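Engineer: Supplied in C-alpha coordinates, the structure appears directly below.
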Amino acid sequence: MDGLTLNKVDVSCSCLGVNVRVVYVRRSCGDIGRDVAALLDCVGVSISGRVVLKPNLITCEGPPTTTPVDVVEALANWFMGCGCEVIVAEGSGWGDTWEAYRTLGYAGLEELGVRLVDLNVDQYEVVEDESALVLKKFELPLTLKDAYVVSIPVLKEHSITGVTLSLKNMLGATLGEKSRVARKGRFHRMGLDECIVDVNLHVKPSLAVIDGRVAGIGGELGSKPRKLGVLIASEDLVAADAYACTLLGHNPLAVRHLVLAWKRGLGNVNLDEIDIVEV
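First residue of the sequence shown: 1394, per the numbering used here; consecutive thereafter.
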(Lines of atoms letter the chains of each structure in order from A and count residues from 1; the text may use other names and numbers.)
(Lines give C-alpha, C1' and ligand atoms only; values in the text may rest on other atoms or scores of the structure.)
Protein backbone atom coordinates (compact mmCIF):
# COMPACT_ATOMS: atom_id res chain seq x y z
CA MET A 1 0.00 0.00 0.00
CA ASP A 2 1.50 3.32 -1.04
CA GLY A 3 3.03 5.32 1.78
CA LEU A 4 2.52 2.60 4.39
CA THR A 5 5.20 0.34 5.82
CA LEU A 6 4.41 -2.77 7.80
CA ASN A 7 6.97 -4.87 9.62
CA LYS A 8 5.84 -8.50 9.59
CA VAL A 9 7.67 -10.98 11.77
CA ASP A 10 7.27 -14.71 12.19
CA VAL A 11 8.86 -15.32 15.58
CA SER A 12 7.65 -16.35 19.00
CA CYS A 13 6.23 -13.53 21.08
CA SER A 14 9.03 -13.79 23.65
CA CYS A 15 11.66 -12.92 21.06
CA LEU A 16 10.41 -9.42 20.32
CA GLY A 17 12.37 -6.37 21.44
CA VAL A 18 10.89 -4.43 24.34
CA ASN A 19 11.11 -1.13 22.46
CA VAL A 20 8.93 -2.34 19.60
CA ARG A 21 5.15 -1.94 19.69
CA VAL A 22 3.56 -5.27 18.84
CA VAL A 23 0.20 -5.94 17.21
CA TYR A 24 -1.00 -9.54 17.09
CA VAL A 25 -3.10 -10.69 14.14
CA ARG A 26 -5.18 -13.84 13.71
CA ARG A 27 -6.33 -14.54 10.14
CA SER A 28 -8.78 -17.01 8.56
CA CYS A 29 -10.80 -17.00 11.75
CA GLY A 30 -12.98 -20.06 12.31
CA ASP A 31 -13.42 -21.13 15.93
CA ILE A 32 -13.81 -17.82 17.76
CA GLY A 33 -12.99 -19.31 21.16
CA ARG A 34 -9.76 -20.82 19.90
CA ASP A 35 -8.89 -17.67 17.96
CA VAL A 36 -9.35 -15.40 20.98
CA ALA A 37 -7.36 -17.74 23.21
CA ALA A 38 -4.49 -17.83 20.71
CA LEU A 39 -4.36 -14.03 20.60
CA LEU A 40 -4.50 -13.49 24.36
CA ASP A 41 -1.96 -16.22 25.05
CA CYS A 42 0.46 -14.57 22.64
CA VAL A 43 -0.16 -11.09 24.02
CA GLY A 44 0.73 -12.55 27.39
CA VAL A 45 -2.32 -11.32 29.27
CA SER A 46 -2.04 -12.28 32.93
CA ILE A 47 -4.76 -10.79 35.06
CA SER A 48 -6.96 -11.53 38.04
CA GLY A 49 -9.69 -9.44 39.55
CA ARG A 50 -12.26 -7.36 37.69
CA VAL A 51 -12.30 -7.24 33.88
CA VAL A 52 -14.56 -4.89 31.95
CA LEU A 53 -15.29 -5.78 28.33
CA LYS A 54 -16.37 -2.74 26.30
CA PRO A 55 -18.01 -3.60 22.95
CA ASN A 56 -19.32 -1.06 20.45
CA LEU A 57 -23.10 -1.09 20.82
CA ILE A 58 -23.76 2.40 19.51
CA THR A 59 -27.28 1.32 18.58
CA CYS A 60 -29.46 -1.80 18.31
CA GLU A 61 -28.36 -2.37 14.72
CA GLY A 62 -26.60 -5.67 14.08
CA PRO A 63 -22.99 -6.25 13.00
CA PRO A 64 -20.91 -4.83 11.45
CA THR A 65 -22.36 -1.62 12.88
CA THR A 66 -22.00 -3.20 16.32
CA THR A 67 -19.66 -5.74 17.92
CA PRO A 68 -20.79 -9.37 17.42
CA VAL A 69 -21.68 -11.00 20.71
CA ASP A 70 -19.67 -14.16 19.99
CA VAL A 71 -16.28 -12.42 20.26
CA VAL A 72 -17.32 -10.83 23.56
CA GLU A 73 -18.55 -14.19 24.84
CA ALA A 74 -15.24 -15.81 23.87
CA LEU A 75 -13.32 -13.11 25.75
CA ALA A 76 -15.60 -13.46 28.76
CA ASN A 77 -15.04 -17.22 28.86
CA TRP A 78 -11.26 -16.77 28.60
CA PHE A 79 -11.09 -14.26 31.44
CA MET A 80 -13.50 -16.23 33.64
CA GLY A 81 -11.26 -19.23 33.03
CA CYS A 82 -8.51 -17.16 34.65
CA GLY A 83 -10.70 -16.60 37.69
CA CYS A 84 -11.69 -13.04 36.82
CA GLU A 85 -14.95 -11.28 37.53
CA VAL A 86 -16.22 -10.23 34.09
CA ILE A 87 -18.46 -7.27 33.35
CA VAL A 88 -19.71 -6.17 29.94
CA ALA A 89 -20.20 -2.41 30.02
CA GLU A 90 -21.46 0.02 27.41
CA GLY A 91 -23.20 3.37 27.19
CA SER A 92 -24.98 3.37 23.85
CA GLY A 93 -24.67 6.62 21.94
CA TRP A 94 -27.87 6.29 19.88
CA GLY A 95 -30.51 4.48 21.88
CA ASP A 96 -31.09 2.45 25.01
CA THR A 97 -28.19 0.28 26.17
CA TRP A 98 -30.40 -2.43 27.63
CA GLU A 99 -32.42 -2.64 24.44
CA ALA A 100 -29.14 -3.16 22.58
CA TYR A 101 -28.12 -5.87 25.05
CA ARG A 102 -31.41 -7.71 24.50
CA THR A 103 -31.66 -7.20 20.74
CA LEU A 104 -28.05 -8.16 19.96
CA GLY A 105 -27.88 -11.27 22.16
CA TYR A 106 -25.83 -9.85 25.02
CA ALA A 107 -28.48 -10.49 27.65
CA GLY A 108 -27.71 -14.21 27.35
CA LEU A 109 -24.22 -13.59 28.74
CA GLU A 110 -25.76 -13.20 32.19
CA GLU A 111 -26.41 -16.95 32.19
CA LEU A 112 -22.63 -17.44 32.04
CA GLY A 113 -22.10 -15.31 35.13
CA VAL A 114 -21.29 -12.08 33.28
CA ARG A 115 -22.72 -8.86 34.69
CA LEU A 116 -24.10 -6.27 32.25
CA VAL A 117 -23.84 -2.55 33.03
CA ASP A 118 -25.29 0.53 31.33
CA LEU A 119 -22.54 3.13 31.67
CA ASN A 120 -24.91 5.91 30.63
CA VAL A 121 -26.41 5.81 34.13
CA ASP A 122 -23.51 4.42 36.17
CA GLN A 123 -22.36 5.90 39.46
CA TYR A 124 -19.23 7.97 39.01
CA GLU A 125 -16.47 9.97 40.60
CA VAL A 126 -14.87 13.10 39.21
CA VAL A 127 -11.20 12.72 38.30
CA GLU A 128 -8.86 15.47 37.14
CA ASP A 129 -5.86 15.63 34.83
CA GLU A 130 -4.51 19.02 33.84
CA SER A 131 -2.58 17.43 30.97
CA ALA A 132 -5.84 16.49 29.23
CA LEU A 133 -6.54 18.35 26.00
CA VAL A 134 -10.10 19.46 26.81
CA LEU A 135 -11.56 17.15 29.49
CA LYS A 136 -9.54 18.40 32.46
CA LYS A 137 -12.27 17.02 34.72
CA PHE A 138 -13.95 13.73 33.87
CA GLU A 139 -16.87 11.79 35.35
CA LEU A 140 -15.34 8.31 35.60
CA PRO A 141 -17.95 5.53 35.78
CA LEU A 142 -17.22 3.52 38.92
CA THR A 143 -17.58 0.26 37.01
CA LEU A 144 -14.35 1.17 35.22
CA LYS A 145 -12.38 2.33 38.24
CA ASP A 146 -9.35 0.11 38.88
CA ALA A 147 -10.60 -2.43 36.31
CA TYR A 148 -8.75 -4.14 33.47
CA VAL A 149 -10.63 -2.59 30.55
CA VAL A 150 -10.72 -4.25 27.13
CA SER A 151 -11.91 -2.22 24.13
CA ILE A 152 -13.66 -4.51 21.62
CA PRO A 153 -14.74 -2.56 18.54
CA VAL A 154 -15.67 -3.68 15.08
CA LEU A 155 -13.14 -2.66 12.44
CA LYS A 156 -15.24 0.14 11.00
CA GLU A 157 -15.18 3.42 9.11
CA HIS A 158 -16.58 6.67 10.51
CA SER A 159 -18.07 9.65 8.72
CA ILE A 160 -16.16 12.23 10.77
CA THR A 161 -13.03 10.59 12.18
CA GLY A 162 -12.35 8.29 9.23
CA VAL A 163 -12.30 5.18 11.40
CA THR A 164 -13.87 4.11 14.68
CA LEU A 165 -11.66 1.54 16.38
CA SER A 166 -10.40 0.80 19.89
CA LEU A 167 -9.68 4.39 20.94
CA LYS A 168 -12.91 5.91 19.67
CA ASN A 169 -14.89 2.98 21.05
CA MET A 170 -14.04 4.27 24.52
CA LEU A 171 -16.36 7.26 24.07
CA GLY A 172 -19.10 4.79 24.99
CA ALA A 173 -17.33 4.24 28.33
CA THR A 174 -18.80 7.49 29.62
CA LEU A 175 -21.98 8.82 31.16
CA GLY A 176 -24.87 9.60 28.81
CA GLU A 177 -26.75 12.85 28.31
CA LYS A 178 -30.30 12.01 29.41
CA SER A 179 -32.02 14.89 27.63
CA ARG A 180 -30.50 14.24 24.22
CA VAL A 181 -31.00 11.64 21.51
CA ALA A 182 -27.24 11.71 20.84
CA ARG A 183 -26.11 10.71 24.31
CA LYS A 184 -22.45 11.51 23.62
CA GLY A 185 -23.08 14.70 21.66
CA ARG A 186 -21.05 16.83 24.06
CA PHE A 187 -17.85 15.31 22.70
CA HIS A 188 -18.69 16.55 19.21
CA ARG A 189 -19.32 20.02 20.58
CA MET A 190 -16.08 20.11 22.58
CA GLY A 191 -13.83 18.64 19.89
CA LEU A 192 -14.29 15.00 18.96
CA ASP A 193 -10.66 14.04 18.36
CA GLU A 194 -9.47 15.71 21.54
CA CYS A 195 -12.20 14.04 23.58
CA ILE A 196 -11.27 10.62 22.21
CA VAL A 197 -7.74 11.13 23.50
CA ASP A 198 -8.87 12.46 26.87
CA VAL A 199 -11.37 9.68 27.57
CA ASN A 200 -8.62 7.13 26.97
CA LEU A 201 -6.29 9.13 29.19
CA HIS A 202 -8.79 8.98 32.05
CA VAL A 203 -10.19 5.45 31.58
CA LYS A 204 -6.82 3.84 30.75
CA PRO A 205 -7.93 0.77 28.76
CA SER A 206 -5.41 -2.07 28.96
CA LEU A 207 -6.10 -4.06 25.80
CA ALA A 208 -7.62 -3.73 22.34
CA VAL A 209 -9.29 -6.64 20.58
CA ILE A 210 -10.55 -5.46 17.19
CA ASP A 211 -13.04 -7.67 15.35
CA GLY A 212 -12.25 -7.42 11.65
CA ARG A 213 -13.81 -10.69 10.59
CA VAL A 214 -16.45 -8.58 8.85
CA ALA A 215 -15.55 -4.89 8.68
CA GLY A 216 -18.02 -2.01 8.50
CA ILE A 217 -17.69 0.23 5.46
CA GLY A 218 -19.20 3.64 4.78
CA GLY A 219 -19.85 5.03 8.24
CA GLU A 220 -20.66 4.41 11.87
CA LEU A 221 -24.36 3.63 11.27
CA GLY A 222 -25.75 1.42 8.53
CA SER A 223 -22.28 -0.01 7.92
CA LYS A 224 -21.88 -2.14 4.79
CA PRO A 225 -20.12 -5.47 5.40
CA ARG A 226 -16.72 -6.32 3.96
CA LYS A 227 -15.23 -9.70 4.84
CA LEU A 228 -11.63 -9.39 6.04
CA GLY A 229 -11.34 -12.49 8.22
CA VAL A 230 -9.05 -11.00 10.85
CA LEU A 231 -8.84 -10.40 14.60
CA ILE A 232 -6.35 -7.89 16.02
CA ALA A 233 -5.06 -7.57 19.59
CA SER A 234 -2.54 -5.31 21.28
CA GLU A 235 -1.81 -3.70 24.61
CA ASP A 236 -0.99 -0.57 22.58
CA LEU A 237 -4.38 0.69 21.43
CA VAL A 238 -2.86 3.33 19.17
CA ALA A 239 -0.72 0.73 17.39
CA ALA A 240 -3.69 -1.64 17.04
CA ASP A 241 -5.77 1.12 15.48
CA ALA A 242 -2.91 2.22 13.23
CA TYR A 243 -2.57 -1.26 11.76
CA ALA A 244 -6.34 -1.70 11.49
CA CYS A 245 -6.50 1.53 9.47
CA THR A 246 -4.34 -0.02 6.77
CA LEU A 247 -6.83 -2.85 6.26
CA LEU A 248 -9.40 -0.28 5.17
CA GLY A 249 -6.94 1.68 3.05
CA HIS A 250 -6.59 4.54 5.53
CA ASN A 251 -3.24 6.09 6.43
CA PRO A 252 -3.12 6.27 10.25
CA LEU A 253 -1.08 9.47 10.06
CA ALA A 254 -4.12 11.07 8.43
CA VAL A 255 -6.39 10.06 11.34
CA ARG A 256 -6.23 13.04 13.66
CA HIS A 257 -7.15 11.37 16.95
CA LEU A 258 -4.50 8.70 16.42
CA VAL A 259 -1.82 11.33 15.89
CA LEU A 260 -3.02 13.28 18.93
CA ALA A 261 -2.98 10.11 21.04
CA TRP A 262 0.55 9.33 19.86
CA LYS A 263 1.73 12.85 20.71
CA ARG A 264 0.09 12.51 24.13
CA GLY A 265 2.09 9.32 24.74
CA LEU A 266 -0.81 6.86 24.65
CA GLY A 267 0.84 4.62 22.04
CA ASN A 268 2.65 4.42 18.75
CA VAL A 269 1.14 5.39 15.39
CA ASN A 270 4.35 4.96 13.37
CA LEU A 271 3.92 1.83 11.27
CA ASP A 272 7.67 1.46 10.77
CA GLU A 273 8.02 1.03 14.54
CA ILE A 274 5.22 -1.52 14.89
CA ASP A 275 5.77 -5.25 14.46
CA ILE A 276 2.85 -7.30 13.17
CA VAL A 277 2.90 -10.81 14.63
CA GLU A 278 0.82 -13.43 12.84
CA VAL A 279 -0.67 -15.79 15.44
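Beta carbons are placed, not taken as given, at the ideal position from N, Cα and C, and that holds for glycine. Computed from a predicted model, the values in this text were never measured in an experiment.
1) Could you tell me the distance, in whole angstroms, from the CA atom of ARG1649 to the CA atom of TYR1494?
2) Can you name the start and end residues of the beta strand (DSSP E) that VAL1436 belongs to?
3) Could you check the C-alpha separation between ILE1480 and GLU1503 for me, to the nearest Å?
4) So the alpha helix (DSSP H) HIS1517 belongs to, where does it begin and stop?
5) Tell me which residue opens and which closes the alpha helix (DSSP H) that LEU1640 is part of.
6) Is the distance from the Cβ of TYR1417 to the Cβ of VAL1592 below 8 Å?
7) In the DSSP assignment, find the alpha helix (DSSP H) that holds THR1490 and state where it starts and stops.
8) Near LEU1621, what residues of its chain come up, given a Cβ to Cβ distance below 8 Å and the 5 sequence neighbours on each side ignored?
9) Between ILE1669 and THR1452, what straight-line distance do the alpha-carbon atoms span, to the nearest angstrom?
10) Span of the beta strand (DSSP E) holding LYS1530?
11) Provide the residue(s) that pair with HIS1551 in DSSP beta bridges, ordered along the chain.
Structural biologist: This is what the structure holds:
1) 31 Å
2) Here VAL1436 belongs to no beta strand (DSSP E); instead the alpha helix (DSSP H) covers 1425–1436.
3) 9 Å
4) Note that residue 1517 is Tyr in the sequence shown, not His. Counting along the chain, TYR1517 falls outside any alpha helix (DSSP H), though it belongs to the beta strand (DSSP E) covering 1517–1521.
5) 1630–1640
6) no
7) 1490–1496
8) LEU1548, GLY1605, ARG1606, VAL1607, ALA1608, LEU1640
9) 32 Å
10) 1530–1534
11) GLY1555
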